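Notes for the one structure printed next.
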Amino acid sequence: MPFHSVVIFGGAGFIGSNWASRLLKTTEARVHIFDNLSRRGVQHNVSWLRRVAGDSDRLKITVGDVRDATLVHRAVQPATEVYNFAAQVAVTTSIDDPREDFEINVGGTLNILEAARKSGRKPFLLFTSTNKVYGQLGSRNLTIAPTRYRCADQRGVSESQPLDFYSPYGCSKGAADQYVHDYSRIFGLPTVVFRMSCIAGPRQFGTEDQGWVAHFLYSALQGRPVIIYGDGRQVRDVLYIEDLLQAFESVRDRVETTGGEVYNVGGGLENSTSLLEIISEIERVTGKKLQHTMDLARPGDQPFYVTDFSKLHRHTDWQPKVSVPRILENMSAWWKANRDLFTAFVPARVPISALQHAPEVAS
């Protein structure tokens, strides 16, 4: 692969650090991590990336905020590839502070887009969006089974699903999603938008508010109870981090086809699970009981979301490979090998004021 320079906004987070590691191990790229290091646990990821890079000068780390247009411009200027994973990621936090949510998710994304446009390089730019841009999906024909909701349409949600932003978070991510898509149409930037379902894997420091698979699994391993909002039959599809990284590679390496496109990315129907089902699987994998209590469903929660990734498969031949049981087994093994990272790490409780109005249960 020819020389390239990569900047990863949010590069110390779960997705960003895994992608940076992949690039350092498999390419000769110079990798620039741009992150405000605000999320608990990410300092461990930074230390890990420094070990991966070793004595090489290929890793650069900037502690910065995407709302700082000057700093963003400086980071993007030499880049041939730009990855925007930086975000305010929680629905509940967006309800507590909609303005900050907007400034980070929309304003920060616009700063990155403008920096890419003005650089003159037309770098490849990938933005990670969310399935929340499709709203509540209340019109889907569902039936109730003992452990999950079932949908008459087995194909999942495709990109033809109408957008229906819901919650400040949905609005901010949706607006950023559309800005990224439009900068390809108007300014010719080779952008790709991934509307993602649940991503899980090692180096994810999940909380009740975001990263629910990791939150459930690590709670079981540490003997902490969790709260289920609703009846637990809500269904999500889960995608392993390594499968997501392969999707990044697939669209990057086929930019003549994928540039300017929007893709739904997730585990699909075969990798779908309800909250009740994944609790049972976690208990099987860990041999530990996950204590949980039930509470009222949150208004607006999607009872059923499964990704139709057929467009991405048509364009790149990509499809997920790792099953939910294997995902949990891999994450459990990583936790056991790195349990010292969690001794002082207690996930933050979601603000009560946000919980009273939060429209989502799983991220």
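Here the sequence shown is numbered in the numbering used here, starting from 88 and rising by one per residue. Quick reminder that beta carbons are idealized off the backbone N, C-alpha and C, glycines included. Only a predicted model underlies this, so the values are computations on that prediction, with no experimental measurement involved.
(request) Please state if the CB of HIS379 and the CB of VAL325 are separated by a distance shorter than 8 Å. (result) The residue given as residue 325 occupies position 238 in the sequence shown. The residue given as residue 379 occupies position 292 in the sequence shown. Taking 8 Å as the cut-off, the Cβ atoms of VAL325 and HIS379 do not count as close.
Review point. Would ASN425 be called buried (16 or more neighbouring beta carbons within 10 Å of its own) or exposed?
Key: Against the sequence shown, residue 425 aligns to sequence position 338. By the Cβ-count criterion, ASN425 is exposed, with fewer than 16 other Cβ atoms from all chains shown falling within 10 Å of its own Cβ.
**Prompt:** SER397 to GLN248, Cα distance in whole Å?
**Reply:** Position 310 of the sequence shown, counted from the first residue, corresponds to residue 397. Position 161 of the sequence shown, counted from the first residue, corresponds to residue 248. One C-alpha to the other measures close to 14 Å.
* To do: Give the straight-line distance between the Cα atoms of ALA232 and SER359, rounded to the nearest whole angstrom.
  => If you number the sequence shown from 1, residue 232 lands on position 145. If you number the sequence shown from 1, residue 359 lands on position 272. Whole-angstrom Cα-Cα distance: 14 Å.
Inset, instruction - Would you kindly check if the distance between the Cβ of HIS119 and the Cβ of VAL94 is under 8 Å? - result: Residue numbering aside, residue 94 sits at position 7 when the sequence shown is read from its first letter. Residue numbering aside, residue 119 sits at position 32 when the sequence shown is read from its first letter. Taking C-beta atoms as the reference points, VAL94 and HIS119 count as a pair closer than 8 Å.
_Using a 10 Å radius around the Cβ and a threshold of 16 neighbouring Cβ atoms, would you call MET418 buried or exposed?_
What you label residue 418 is simply residue 331 of the sequence shown in a count that begins at 1. MET418 should be labelled buried.
### Contacting residues, own chain, Cβ-Cβ under 6 Å from VAL322 (five flanking each side not counted)
Looking up residue 322 in the sequence shown gives position 235. Sequence-distant Cβ neighbours of VAL322 in its own chain, meaning closer than 6 Å and more than five residues away, are ARG235, TYR236, SER359, SER361, PHE391.
- Message: Taking 8 Å as the threshold (C-beta atoms), are SER125 and ILE182 in contact?
- Response: Position 95 of the sequence shown, counting from 1, holds the residue named residue 182. Position 38 of the sequence shown, counting from 1, holds the residue named residue 125. Not in contact: ILE182 and SER125 (Cβ atoms no closer than 8 Å).
Exercise for the section: Using a threshold of 8 Å, state whether the C-beta atoms of PHE172 and THR215 are closer than that. Expected result: Your numbering for residue 172 matches position 85 in the sequence shown. Your numbering for residue 215 matches position 128 in the sequence shown. Yes, the pair counts as a contact, with Cβ atoms nearer than the cut-off.
Output needed for GLY151: all residues of its chain with C-beta closer than 8 Å, excluding positions within five of it in sequence on either side, in chain order. What you label residue 151 is simply residue 64 of the sequence shown in a count that begins at 1. Within the same chain, PHE121, ASP122, ASN123, LEU158, VAL159, ALA162 come within 8 Å of GLY151 by CB-CB distance, once the 5 residues on both sides are set aside.
Exercise for the section: Answer yes or no: do TYR266 and LEU200 have a C-beta to C-beta separation smaller than 8 Å? Expected result: Reading the sequence shown from its first residue, position 179 is the one you call residue 266. Reading the sequence shown from its first residue, position 113 is the one you call residue 200. Cβ atoms of TYR266 and LEU200: closer than 8 Å.
Could you work out which residue in GLU416, ASP155, GLY275, LYS219 is closest to GLU365 when comparing CA atoms only?
On the sequence shown, residue 365 is found 278 positions in, with the first residue counted as 1. Note on residue identity: the sequence assigns Ile, not Glu, to residue 365. That would be GLU416, whose Cα lies nearest to the Cα of ILE365.
In the DSSP assignment, the beta strand (DSSP E) including HIS379 goes from what residue to what residue? Taking the first residue of the sequence shown as 1, we reach residue 379 at position 292. 379-382 is the span of the beta strand (DSSP E), which, as asked, contains HIS379.
message = Assuming contact is defined by CB atoms lying nearer than 8 Å, are LEU212 and VAL169 in contact in what I supplied?
response = Walking along the sequence shown from the start, residue 212 turns up at place 125. Walking along the sequence shown from the start, residue 169 turns up at place 82. Judged by beta-carbon spacing, VAL169 lies within the 8 Å limit of LEU212, meaning their Cβ atoms are closer than that value.
Provide the residue(s) that pair with LYS147 in DSSP beta bridges, ordered along the chain.
-> By 1-based counting over the sequence shown, the position of residue 147 is 60. Bridge partners of LYS147 according to DSSP: HIS119.
* Asked: Quick one: is GLN241 buried, meaning 16 or more other Cβ sit within 10 Å of its Cβ, or exposed?
  -> Residue mapping note: residue 241 aligns to position 154 of the sequence shown, counting from 1. Exposed is the call here.
Same chain, Cβ closer than 7 Å to PHE252, five either side skipped, listed in chain order: The residue you call residue 252 lines up with position 165 of the sequence shown. Correct list, in chain order: VAL220, GLY222, CYS258, GLY261.
Q) How about VAL393 and VAL349: are their beta carbons less than 8 Å apart? A) Within the sequence shown, residue 393 is the residue found at index 306, counting from 1. Within the sequence shown, residue 349 is the residue found at index 262, counting from 1. In this structure, the beta-carbon distance from VAL393 to VAL349 does not fall below 8 Å.
Margin query: Measuring alpha carbon to alpha carbon, tell me which residue in ARG117, THR217, LYS205 is nearest GLY298.
Written below: Residue 298 sits at position 211 when you count from the first residue of the sequence shown. Distances from the alpha-carbon of GLY298 to those of ARG117, THR217, LYS205 put THR217 closest.
Report task. Ignore the nearest five residues each way along the sequence and tell me which others in HIS400's own chain have a CB closer than 6 Å to its CB. Result -> For the purposes of this step, residue 400 is taken as the residue at position 313 of the sequence shown. Counting only Cβ-Cβ distances below 6 Å, and skipping sequence neighbours, we find GLN406.
Problem set entry | Beta-carbon spacing of VAL411, ASP330 below 8 Å | Taking the sequence shown and counting its residues from 1, the one referred to as residue 411 is at position 324. Taking the sequence shown and counting its residues from 1, the one referred to as residue 330 is at position 243. The answer is no: Cβ separation not under 8 Å.
Cut-off 8 Å between Cβ atoms - residues of its own chain near GLU368, not counting five sequence neighbours on either side
The count along the sequence shown starts at 1 and reaches residue 368 at position 281. THR360, VAL411, PRO412, LEU415, listed in sequence order.
Exercise. Leaving out five residues before and five after PRO277 in sequence, what residues of the same chain have Cβ atoms less than 6 Å from its Cβ?
Worked result: On the sequence shown, residue 277 is found 190 positions in, with the first residue counted as 1. Around PRO277: PHE211, VAL342, GLY346.
With distances taken Cα to Cα, identify the nearest neighbour of ARG290 among ALA301, SER284, HIS268, MET283. In the sequence shown, residue 290 corresponds to position 203, counting from 1. Considering only ALA301, SER284, HIS268, MET283, the residue with the shortest C-alpha distance to ARG290 is ALA301.
Note to self: Please classify THR180 as buried or exposed, where buried requires at least 16 neighbouring CB atoms within 10 angstroms.
What the structure shows: For this step, residue 180 is matched to residue 93 along the sequence shown. Around the beta carbon of THR180, a 10 Å sphere encloses 16 or more other beta carbons of the protein chains shown; the residue is thus reported as buried.
Let's see if you can read the secondary structure: which residues bound the alpha helix (DSSP H) around ASP183? Here residue 183 is taken as the residue at index 96 of the sequence shown, counted from 1. Element bounds for ASP183: 178-183.
Give a yes or no on whether the C-beta atoms belonging to LEU332 and TRP106 are separated by under 8 Å. As a first step, residue 332 must be located in the sequence shown, where it is residue number 245. As a first step, residue 106 must be located in the sequence shown, where it is residue number 19. Going by C-beta atoms, LEU332 is nearer than 8 Å to TRP106.
- Opening and closing residue of the beta strand (DSSP E) in which ILE95 lies: For the purposes of this step, residue 95 is taken as the residue at position 8 of the sequence shown. Under the DSSP assignment, ILE95 falls in the beta strand (DSSP E) whose first and last residues are 92-96.
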